[in-house]
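J.: Sending over a structure as structure tokens; questions will come in a sec.
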Amino acid sequence: MTAVQRSCTPEATLTRHRKHTDQSARERDMLCDPKPAAPSAHSPSENSKPKTRPECKPKKAVFWQEVFSAGTMMVPSIYCHNVVAELAFVARKPLGLWVMTWATYTHCLASVAYHLRCAFGSRPDFDHLRSPFRAADMAFIHVCCFCYGWAVSGGWLLFNTASLLANVACVASLVGRQATGVPTSKADSYRAIGCILIYTFAMVLRMDLANYAGTMLCYGIGGLFWTRNASLASWGHGSTHCFAIRLGGWRSREPRTSRDCDQATR
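In the working numbering, each number is its position in the sequence shown, counted from 1, plus 53.
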């Protein structure tokens, strides 16, 4: 049998038909599910894509610790309410004491609201750094820093101008980031510490070293609890507020003992 005759047999015809069918199927599959093209030299690679800022991790729900922080935040305001009238009665410049007291009240409201929001914000998507209550809490800390500095400095214009600029800059940063959806950060707490150091320095300038030492001692002990908050199962932050009770006492006694105020028996 010649080659031409063999190619015309039924078996050869069936074989050619199967090959043609298989090739058509492969071409159809390539059209329906094409393989991804290899990246060219001009196409952006995975590493060349701009890296976005990682999202902040939501705060772990610690209900009773946050309730404790909200409760202890009210204690300094209660203390001021009980002693401010008596202290202001004997002070030459009582307005400073009242300004300190009202600043403490306003910060108390913002701080209590923030801690209660954290207590009940147990949803997995809750991010305390993006909460407007935290921004308000931090902003009113700066309000307190300026008011306290104005009170303990005796109204010294140059000092209070510097204090005002520093605190307004921090508040503007908080408000601006809140308006644009940028979360707050730990750096905001460090800025608040810087403003605290500014206002307390007024005591040094007026040589009111006894009250300055007492104030810084309270801040130091409270700051120790604040830095150990994680190791204390989140009970450290609320404990910091407890030392603000004695701190309020040192600050309130300062106007009576400064050179611009009447000397009164403690």
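A virtual CB, placed ideally from N, CA and C, is assigned to each residue, including glycine.
Computed from a predicted model, the values in this text were never measured in an experiment.
Contact check, His-160 vs Cys-171 under 8 Å by CB: the rounded distance?
T.: Actually they are not in contact, since the Cβ atoms of His-160 and Cys-171 sit about 16 Å apart, beyond 8 Å.
J.: Considering only the beta carbon of each residue, do Val-165 and Met-191 sit closer than 8 Å?
T.: No, they are not a contact pair.
J.: If you draw a straight line from the alpha carbon of Thr-237 to that of Val-228, how long is it in whole angstroms?
T.: 10 Å
J.: Out of Cys-200, Cys-271 and Phe-173, which one is the CA nearest neighbour of Val-115?
T.: Phe-173
J.: Determine whether the beta carbon atoms of Thr-268 and Met-260 lie at a separation below 8 Å.
T.: Annotated as distal: Thr-268 and Met-260, with beta-carbon spacing of 8 Å or more.
J.: Kindly list the residues whose CB is nearer than 6 Å to the CB of Tyr-167, restricted to its own chain and excluding five residues on each side of it in sequence; keep chain order.
T.: Scanning its chain for C-beta atoms nearer than 6 Å, with the 5 sequence neighbours on each side dropped, one finds around Tyr-167 the residues Phe-186, Arg-187 and Asp-190, in chain order.
J.: I'd like the list of long-range same chain contacts for Val-224, defined as Cβ closer than 7 Å, with 5 residues on each side in sequence excluded.
T.: In the same chain as Val-224, and ignoring 5 residues on each side of it, the C-beta atoms closer than 7 Å to its own belong to Ala-192 and His-195, in chain order.
J.: Thinking C-beta only, is Ser-122 closer than 8 Å to Tyr-158?
T.: no
J.: Using a Cβ-Cβ cut-off of 7 Å (strictly less than) and excluding sequence neighbours within five positions of Pro-147, which residues of its own chain qualify?
T.: Ala-141
J.: When you compare only the Cα positions, how much space is there between Val-136 and Ala-232?
T.: 38 Å
J.: Just verifying my parser: in three-state terms, what is the DSSP assignment at Ala-144?
T.: coil
J.: Rounded to whole angstroms, what's the CA-CA distance from Pro-132 to Arg-176? Just pull it up for me.
T.: The residue asked about is misnamed: residue 132 is Tyr in this sequence, not Pro. Rounded to whole angstroms, the gap between the alpha carbons of Tyr-132 and Arg-176 is 35 Å.
J.: Can you list the beta strand (DSSP E) stretches of 3 or more residues lying completely in the segment 204-276, in chain order?
T.: none
J.: Where does Ser-287 sit, in a helix, a strand or coil, going by DSSP?
T.: coil
J.: Near Ala-263, what residues of its chain come up, given a Cβ to Cβ distance below 6 Å and the 5 sequence neighbours on each side ignored?
T.: none
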